[in-house]
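Undergrad: When you line the sequence shown up against our numbering, it's residues 1035 to 2174, in that order.
Just so it is clear, CB atoms sit at the ideal spot from N, CA and C, and this is done for glycine as well.
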Amino acid sequence: MLAATTTVLAAAAPSPDRAAVATTLVDVADRVGLDTRHGAFRWGSSPDPAAMMGGGVCWLDADGDGWQDLYVVSTWSDGEHQRWLDEGGLPTSTLYRNVEGRFVDVGTESGTALQVRGQGCLAADLDGDGHVDLLVTSDRTSTLLWNDGDGTFTRDDGRAGLHVSGWHAGAAADDVDGDGRLDVVLTGYVDRNTPLPAASGGFPRGHAPVADLLLHNLGPGEGARARFVDVSSEAGLDVDGPRYGLGATFVDVDHDGDRDLLVANDTDPDRLYRNDSTPGHARLVDVASAVGVDDDGSGMGTASGDLDGDGMAELLVTNMGEQRHALHQPEAAEPWAFVDGRATFGVPAFGEGLTGWGIGVVDLDADGHDDVLVGHGAIPMGTDPATTAQPLLAYAGTSGGLRVVDGGWGLDAVGRHNARGTAVADYDNDGDPDVVVVGVGEPLVLLQNQGRGGAALRVQPEGRQPGTRVVVTMADGTVAARTVTAGSSYLSTEDPRPLFGLGTADRVRTVEVTWPDGHSVVVEDVPTDRVLEVGRDGSTVLHRFEPQRDVAATAVACADRSAEAPSAVARWIDVALEAIRHDLPDPTAHARTLYHLSAAMWDSRAALVEGVPTVLADVDAQAVALAAAAAVAVDRRAVEAAIAQAAHDVLASRYGDGRAGDHVARSLPAALAAECFRSDDAAARAVGSRVAAAVLAVADGDGSADRSTHQPANRPLVVRLPGADMDDPDAWQPLQLDRVVTQNGIAQPAEPQAFLGYGWGGVATFALPDDPDGVPIDPGPPPRLDDPDGGEELRRQLVDVLRASSQLDPADGVVVDAGPGGWGNNPLGTDEGTGHPVDPTAGQPWPAQPVLRGDLGRVLAEFWADGPHSETPPGHWNVIARAVTDAMSPAERLLGGSGPALDRLTWEVSLHLVLNGALHDAAVAAWGVKTAHDSPRPISLIRHLGGLGQSSDPDGAAYHPDGLPLVDDVVEVASAATTAPGGRHEGLGEGRVVVRAWAPRVDPDDPAVRWLHAEEWVPYQQATFVSPAFAGYVSGHSTFSRAAAEVMTAATGSPWFPGGSFGWTVPAGDLAFEGGPAGDVVLTWATYADAADQAGRSRIHGGIHIPADDHAGRIIGAEVGHLAWERALPLFAAPAGSPT
């Protein structure tokens, strides 16, 4: 039986209001790297039908980075073939990689560059390996490109059976027969080798048509990744003879779970095939004539969509000239009866007088009503393309039908084109649909949607298989549906991620995803203006759209070099943090990079400013740099030029080949461009490059690459199963998740965790003492079960974790004071503080900041997890340091709280050197302890001990001396009375240990905190993350944060934030793990130590550390911070010599 899963997202606060701005489509192609032009008729028109008919475009995520790449099909006219060769080569169909909204031609390196007379393309995972393949049609043969999974493609050698001869134009893919494999339909057009002398009516009727093909996928074999065989005849295609086929798309007309096939035929009646297939046997029956969709115009493009919200799809086909475009409306509830819907929808002259090609159904203005966009261009084309160019038209969906958008939405500025393929995609991931248009012989057009209409929701089902249906139900019961398709419009493939415009809705009641095999998942109470990823197991990931970018208005702005503007140091720290946000979240590696970056920036300044010592660049390297700098006029501009170049080189080395490689390929050149270098900056930049090379050379020998591999003492804990089988309960246990997504949203292979950063204690540091055992600072062991006293303490601390988890329900109504007067001011390594009695700036008690305890705990767990923007804890403290600098007046920039006030450049290069030196040392110190003690995480211990039983009552049920201690309302044993209907443990197992804690909701009525079996406990984290991939003791967050706090205190000369406090507002609805908070939550810290302690304590709320991990980390971090400051003092004591 097919499974169905319901997932509940806890009640979410409304999404932030979207300021409504009129929909505007702006051509940004040449601004984002798509400065390409269709190859036909470059030197004049000629009577070449194939060149006039191309070409299509395909959106696909070729490299799996979450951004839609673009394949652009090109061609040439036969009459210009030799001219192209003489000019250097034939036009090429190619792949453009989308690097966060900007495109790079990767055709050659990816293996996708094809010199073919291209017609269209199909993007679909044809071999089922999880990577999207490409099929390119032409007027001669089709070409199949297999995706190798690493951003490259391999051209099929013909064994797959898709290297089909003849003029095939359109292509579409779906699992026609329900066997779990994608089949392919190719529409046949014209056989130019078979003229029909007696025919009338002009092209294409002067030649015989080519038969449509259904190519059945047999799976891998005979050396092919997948093999396809022609089953067209037995399946029922073209039973009355071939027609001139062009556009094709699959659509489930009758909602029976399989997709039917719509084919547009040029000058012949269109076909609609009802899918009557059974597993392994394809059967398509042409019912177009019987149901009223056999339009006999010059059918070009196809589309479908529920334009009137009745749950049934309208079918649209573009036609030529006076024929008008077809709009077939289902008649009432009868799925196999259609009527002409043009008058009903208010467009009786739908496309009259125009020749339509590409067509899309999409909610461009996000008002909750689907719109229609059509590309036009007359044919045949004459000697002057301007005479056949026609407008791109939009029809706005309304509650009463469709309305022609006459010149609005920016289309008047787009002008007239000889359009062919059009395809919709949210290319910039901002939640608005954009449109690409191919025009014959014209530059590519990419229409960026710069409107801010209503709310939006993008749903990304696992696998994104064609035929997957997504249904969104609004609070008022209104329903909208989208189906993932491969092949639509005119010879094109559109974005496979269903995007819904939702008007003014701040949430939807349900999202139901149904995969082609019938398996479904329902997600309830989903906030809008989000991306919802849905796994087949019911797991969800919810995150926000990318910020909107007005590319048309973007220009390189030179960095502000005024005295109080952020210096090059701050600018390049920002560049580094953005690279970290795009990389895998590895705090040890990122702390190391931030340290080496800061050292390179300091040493670049030292190479130019006499008397300033270097940190890492050796004497010879500095001498070379100084020699190169002999002609440099040492002023602030020169120092910043050297710093910028050094920073660029360090970041390129660290991130250029990694997960963030595509991002830095765009961001680093852009950041250098913003420096607006002059020719006289060249010598200073050379200094920066040489210093960077010297720093990187030293770093290569720091031991980070010379570490052993961890061998876990325990088998992986499979999180979805109850219990934790531990061979050594005092050792770390890796987790096994069904789906793995890092905290900054990067999907990873679902493999058992490997100990990240193992052996890092042996890496060279900024200020720590060397230790041959790789434990520079040893706090002693954590509480352990194999020690009687330690075991008792460990159990007590596990109860602390469970108690914190039980307090994560805002519905309990408990209110706490989140202000500095209500918490903080802790003695080092404790949580014994009760707050600060007086605001030092006002001399008055701090005002109370009441907040729901359940909201505060959840906010703390999420805010401090990786920083507010996923830059990991080392990056987070750089964000805080930048904010502190921005808040300081020039007179307050006294390093150590005394001496002369520093200019901003000197302050920032000094502060970030010691800060990032300390953060790097904190990583070395903390991971040295983690490696040495290899301690478990709470999820393993709570499940393991709870599975053993309870350790408090030897005469009670479920007793085991090594079990969890009983604590009323936190840890209990379920009894016959308590598990009975209405009991506090109703539905749980009698005689088992149960805990009251936060848990993901299974039913909409479930409270956030409830009783569950101890063996099933999970921390307050994303289901795709659960706990970090390294040992618990000591907490890295605590060590990083307290080290940074000590540095900030020493550097500023005050324990207080500037102005007496510092805050960060977490907006309502901003939580990612579940819905909330209900209102804005303001986090306020009086001292740097308060902020650090809160970061450490957040890990208890999040359920991934016990207090011992946190407190020991704070103590180590304090020592790390002190040592870093002592190491930096001689550097800072050197003659200032600061250039101004």
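1) In angstroms with no decimal places, state the Cα-to-Cα distance between Tyr1278 and Glu1365.
2) Would you tell me roughly how many angstroms separate the C-alpha atoms of Ala1586 and Asn1483, rounded to the nearest one?
3) Can you tell me whether His1202 is helix, strand or coil according to DSSP?
4) For a quick check, are the C-beta atoms of Pro1756 and Glu2050 less than 8 angstroms apart?
5) Which stretch, first to last residue, makes up the beta strand (DSSP E) that contains Ile1393?
6) Could you tell me which of Phe1897, Ser2095, Pro1879 and Arg1829 sits nearest to Arg1971, measuring between CA atoms?
7) With distances taken between CB atoms, is the gap from Arg1193 to Gly1145 smaller than 8 angstroms?
8) Rounded to whole angstroms, what's the CA-CA distance from Thr1175 to Gly1331? Just pull it up for me.
9) Beta-carbon within less than 6 angstroms of Val1555's beta-carbon, same chain only, minus the 5 sequence neighbours each way: which residues are those?
10) Just curious, the alpha helix (DSSP H) that Tyr1629 is in, first and last residue?
11) So, at 7 angstroms on beta carbons, what are the nonlocal neighbours of Asp1213 in its own chain, with the 5 sequence-adjacent residues on each side left out?
12) When you compare only the Cα positions, how much space is there between Asp1740 and Gly1475?
13) Consult DSSP for Pro1881 and reduce its assignment to one of helix, strand or coil.
14) If we call anything under 8 angstroms between Cβ atoms a contact, is Gly1411 one with Thr1422?
15) Output yes or no for whether 8 angstroms exceeds the beta carbon distance between Asn1353 and Gly1390.
16) Assign Gly1444 to buried or exposed, taking buried as 16 or more other Cβ atoms, counted over all protein chains shown, within 10 Å of its Cβ.
17) Would you check if there are 3 or more beta carbon pairs closer than 8 angstroms linking the stretch 1735–1749 to the stretch 1786–1798?
18) Report all residues from its chain with a CB closer than 8 angstroms to the CB of Val1918; omit the five preceding and five following residues, and keep chain order.
19) Roughly how far, in whole angstroms, is the beta-carbon of Leu1341 from the beta-carbon of Val1327, given that I think they are within contact range, below 8 angstroms?
20) Among Pro1369, Glu1356, Pro2041 and Tyr1429, whose alpha-carbon lies nearest the alpha-carbon of Phe1379?
21) Output the distance between the C-alpha atoms of Arg1437 and Thr1057, rounded to the nearest integer angstrom.
22) Any idea what DSSP makes of Arg1226, helix, strand or coil?
23) Who are the near neighbours of Asp1921 in its chain, counting only those whose CB is closer than 8 angstroms to its CB and skipping five residues on each side?
24) Helix or strand or just coil, what does DSSP make of Trp1606?
25) Take every Cβ of the stretch 2021–2036, pair it with every Cβ of the stretch 1972–1984, and state whether three or more of those distances are shorter than 8 angstroms.
26) Can you have a look at Gly1122 and say buried or exposed, based on whether 16 or more other CB atoms are within 10 angstroms of its CB?
27) If you measure between the beta carbons of Ala1852 and Thr2118, is that distance less than 8 angstroms?
28) Report the rounded CA-to-CA distance for Ala1324 versus Val1408, giving the unit in angstroms.
29) On the DSSP bridge assignment, give the partners of Gln1984 in chain order.
30) At what residues does the beta strand (DSSP E) containing Ala1459 begin and finish?
31) For a test of the three-state rule: what should DSSP assign to Thr1776, helix, strand or coil?
32) How is the alpha helix (DSSP H) around Thr1188 delimited, first residue to last?
33) My parser needs the beta strand (DSSP E) runs of 3 or more residues fully inside the stretch 1242–1309; what are they?
34) Provide the residue span of the beta strand (DSSP E) that contains Ala1515, from first to last.
35) Would you call Glu2160 buried or exposed, if buried means 16 or more other Cβ atoms sit within 10 Å of its Cβ?
36) In angstroms, rounded to a whole number, what distance separates the CA positions of Thr1527 and Ala1282?
TA: Short version:
1) If you number the sequence shown from 1, residue 1278 lands on position 244. If you number the sequence shown from 1, residue 1365 lands on position 331. If I take the Cα positions, the gap works out to 28 angstroms.
2) Within the sequence shown, numbered from 1, the residue matching residue 1586 stands at position 552. Within the sequence shown, numbered from 1, the residue matching residue 1483 stands at position 449. For Ala1586, the predicted model reports a pLDDT of 47, less than 50, meaning its position is unreliable; a value from the coordinates is still stated below. Their backbone Cα atoms lie some 11 angstroms apart in a straight line.
3) Translated into the one-based positions of the sequence shown, residue 1202 becomes position 168. Here His1202 sits in strand by DSSP.
4) Residue mapping note: residue 1756 aligns to position 722 of the sequence shown, counting from 1. Residue mapping note: residue 2050 aligns to position 1016 of the sequence shown, counting from 1. Going by C-beta atoms, Pro1756 is nearer than 8 angstroms to Glu2050.
5) Along the sequence shown, read from residue 1 onward, the residue named residue 1393 stands at position 359. Gly1390 to Val1396 is the span of the beta strand (DSSP E), which, as asked, contains Ile1393.
6) By 1-based counting over the sequence shown, the position of residue 1971 is 937. That would be Arg1829, whose Cα lies nearest to the Cα of Arg1971.
7) On the sequence shown, position 159 is the one that residue 1193 refers to. On the sequence shown, position 111 is the one that residue 1145 refers to. With a cutoff of 8 angstroms on beta-carbon distance, Arg1193 and Gly1145 are scored as not near each other.
8) Start at 1 with the first residue of the sequence shown, and residue 1175 comes out as number 141. Start at 1 with the first residue of the sequence shown, and residue 1331 comes out as number 297. Using only the alpha carbons, I get a separation of about 27 angstroms.
9) If you number the sequence shown from 1, residue 1555 lands on position 521. Annotation for Val1555: Thr1039, Val1547, Val1568 and Gly1572 place their beta carbon closer than 6 angstroms to its own, counting only its chain and skipping 5 residues before and after.
10) Sequence index remark: in the sequence shown, residue 1629 carries index 595 (1-based). Its alpha helix (DSSP H) spans residues Pro1621 to Leu1642.
11) For this step, residue 1213 is matched to residue 179 along the sequence shown. Contacts found: Pro1313 and Gly1314.
12) Along the sequence shown, one-based indexing puts residue 1740 at 706. Along the sequence shown, one-based indexing puts residue 1475 at 441. Approximately 56 angstroms between the Cα atoms of the pair.
13) Locating residue 1881 in the sequence shown gives position 847, counting from the first residue. Looking at Pro1881 - three-state DSSP - the assignment turns out to be coil, as it is neither helix nor strand.
14) Mapped onto the sequence shown, residue 1411 falls at position 377. Mapped onto the sequence shown, residue 1422 falls at position 388. If you check the CB distance, Gly1411 and Thr1422 come in under 8 angstroms.
15) Numbered from 1 along the sequence shown, position 319 holds the residue referred to as residue 1353. Numbered from 1 along the sequence shown, position 356 holds the residue referred to as residue 1390. Closer than 8 angstroms, so yes.
16) Against the sequence shown, residue 1444 aligns to sequence position 410. Under this definition Gly1444 is a buried residue.
17) Touching, yes, given that three or more Cβ pairs across the two stretches are closer than 8 angstroms.
18) Taking the first residue of the sequence shown as position 1, residue 1918 is located at position 884. Within the same chain, Val1918 has close Cβ partners Met2082, Thr2086, Phe2091, Pro2092 and Phe2096.
19) As a first step, residue 1341 must be located in the sequence shown, where it is residue number 307. As a first step, residue 1327 must be located in the sequence shown, where it is residue number 293. At roughly 15 angstroms, the Cβ-Cβ gap does not stay under 8 angstroms, so Leu1341 and Val1327 are not in contact.
20) Counted from its first residue, the sequence shown places residue 1379 at position 345. Of the candidates Pro1369, Glu1356, Pro2041 and Tyr1429, the one whose C-alpha sits nearest the C-alpha of Phe1379 is Tyr1429.
21) Translated into the one-based positions of the sequence shown, residue 1437 becomes position 403. Translated into the one-based positions of the sequence shown, residue 1057 becomes position 23. In a straight line, the C-alpha of Arg1437 is about 15 angstroms away from that of Thr1057.
22) Along the sequence shown, one-based indexing puts residue 1226 at 192. The three-state secondary structure of Arg1226, taken from DSSP, is strand.
23) On the sequence shown, position 887 is the one that residue 1921 refers to. Correcting the residue identity first, residue 1921 is Ala in this sequence and not Asp. Close CB contacts of Ala1921 within its chain, under the 8 angstroms cut and outside five residues either way in sequence, are with Phe2091, Pro2092, Gly2093 and Phe2096 (chain order).
24) The residue you call residue 1606 lines up with position 572 of the sequence shown. Here Trp1606 sits in helix by DSSP.
25) Here the stretch 2021–2036 lies against the stretch 1972–1984, with 3 or more beta-carbon pairs under 8 angstroms apart.
26) As a first step, residue 1122 is located in the sequence shown; it is residue number 88 there, counting from the start. When all chains shown are included, Gly1122 counts as exposed.
27) Within the sequence shown, the letter at position 818 stands for residue 1852. Within the sequence shown, the letter at position 1084 stands for residue 2118. Contact: yes.
28) One-based indexing of the sequence shown puts residue 1324 at position 290. One-based indexing of the sequence shown puts residue 1408 at position 374. The alpha-carbon atoms of Ala1324 and Val1408 are separated by roughly 27 angstroms.
29) In the sequence shown, counting from the first residue as 1, residue 1984 sits at position 950. Answer by DSSP bridge pairing, in chain order: Tyr1993 and Leu1998.
30) Translated into the one-based positions of the sequence shown, residue 1459 becomes position 425. Looking at the DSSP string, the run of the beta strand (DSSP E) that includes Ala1459 is Ala1453 to Ala1459.
31) Locating residue 1776 in the sequence shown gives position 742, where the first residue counts as 1. For Thr1776, the three-state secondary structure derived from DSSP is coil.
32) Taking the first residue of the sequence shown as 1, we reach residue 1188 at position 154. Thr1188 -> not in any alpha helix (DSSP H); beta strand (DSSP E) instead, spanning Phe1187 to Arg1189.
33) The DSSP assignment places complete beta strand (DSSP E) segments of no fewer than 3 residues inside the stretch 1242–1309 at 1247–1255, 1258–1264, 1279–1285, 1294–1299 and 1305–1309, in order along the chain.
34) The count along the sequence shown starts at 1 and reaches residue 1515 at position 481. Segment Val1513 to Thr1517, the beta strand (DSSP E) holding Ala1515.
35) Position 1126 of the sequence shown holds residue 2160. The residue in question, Glu2160, is exposed, as its Cβ has fewer than 16 Cβ neighbours within 10 Å.
36) Reading the sequence shown from its first residue, position 493 is the one you call residue 1527. Reading the sequence shown from its first residue, position 248 is the one you call residue 1282. About 11 angstroms.
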